[in-house]
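Data block below; observations after.
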Amino acid sequence: MAVMASGSGSNAASFFSYFEQHPSIGVALVVTNNPDAYVVERARAAGIPVEVISGKMWKEPEKVTAIFDAYAINAIVLAGYMKLIPSFLVRRYPDRIFNIHPALLPDFGGKGMYGRHVHQAVLDAGAQKTGITIHLVNEQYDEGPVLFQKAIPVLPDDTPESLASRIQEMEHYHYPRVIEQALLENQQISSKYT
Ligand code: GRF
871 MAVMASGSGS
881 NAASFFSYFE
891 QHPSIGVALV
901 VTNNPDAYVV
911 ERARAAGIPV
921 EVISGKMWKE
931 PEKVTAIFDA
941 YAINAIVLAG
951 YMKLIPSFLV
961 RRYPDRIFNI
971 HPALLPDFGG
981 KGMYGRHVHQ
991 AVLDAGAQKT
1001 GITIHLVNEQ
1011 YDEGPVLFQK
1021 AIPVLPDDTP
1031 ESLASRIQEM
1041 EHYHYPRVIE
1051 QALLENQQIS
1061 SKYT
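So the sequence shown is numbered by the working numbering: it starts at 871 and just counts up by one.
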């Protein structure tokens, strides 16, 4: 698979370590739009090649698909990738592009809902629960079919930072495992609130 990330890459790192010794699935490539993102250093440290695909390059689908083909990519994991995936790539990898969102979609999703904004919106709304959503990617932000959800309670003294920290811990545990299962079984895992 290729992991696509624009920022710190802590989820990307959880994939590097989870799949390092895996018998049939591996991370072959990291794609970023930001050559200065910390995920680039994490990938180098893990010995995983990095390709920077700029906004300009996305306008040339043949060049982009040639990059993915060069690494024999057949699944794509978005891990904090900040750009919309163009339709040519969605069509090329049907049901093979995954994303994680740090809330219980369809709530608190969509354009502009990333990072701290999500947790602040959860607190502002007085939500009782939040959590993580792992879903297939279609041509809209955060709208593809849900594969997995896990909820946690919002506590009275929670801040955006405390929610972010509990949620990231869940992401690092569940994201690689859900993707492993999805790729091995090639079937959707029923969505489940806990
Ligand atoms: C994660 O919290 C994920 O839910 C969202 O982007 C964030 C990326 O964080 N899609 P990191 O770069 O993996 O630390």
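Quick reminder that beta carbons are idealized off the backbone N, C-alpha and C, glycines included.
Exercise for the section: Rank 898, 896 and 1021 by C-alpha distance to the C-alpha of residue 971 and give the top, closest one. Expected result: Among 898, 896 and 1021, the Cα nearest to that of residue 971 belongs to 1021.
Exercise for the section: Below 8 angstroms on the Cβ atoms is my guess for residue 984 versus residue 875; work out the distance and round it to an integer in Å. Expected result: Not quite, the Cβ-Cβ distance comes to about 12 angstroms (not below 8 angstroms), so this is no contact.
Problem - Contact under 8 angstroms by Cβ, residue 923 with residue 897 - result: No; because the gap between Cβ atoms is not below 8 angstroms, this pair is not in contact.
Practice task
Tell me whether residue 972 counts as near the ligand GRF, meaning its Cβ is closer than 7 angstroms to at least one heavy atom of that ligand.
Solution key: Yes, Cβ of residue 972 sits closer than 7 angstroms to a heavy atom of the ligand GRF.
Problem - Bridge-paired residues (DSSP) for residue 921 - result: Beta-bridge pairing links residue 921 to 901.
Handout entry: Boundaries of the beta strand (DSSP E) in which residue 1004 is found, first to last residue
Key = Boundaries of the beta strand (DSSP E) harbouring residue 1004: 999-1006, taken from the DSSP string.
Handout entry: Straight-line gap, residue 1106 to residue 879 (C-alpha atoms, nearest Å)
Key = Nothing about residue 1106 can be reported from this structure: the residues present for the chain run from 871 to 1064 only.
Handout entry: Collapsed DSSP secondary structure at residue 971 in the structure displayed
Key = Residue state, collapsed to three classes: strand.
Exercise for the section: Classify residue 1001 as buried or exposed, calling it buried when 16 or more other Cβ atoms lie within 10 Å of its own Cβ. Expected result: So residue 1001 counts as buried.
Practice task
Inspect the CB distances between the region 954-971 and the region 929-937 and report whether three or more fall short of 8 angstroms.
Solution key: With the cut-off at 8 angstroms, the region 954-971 and the region 929-937 touch.
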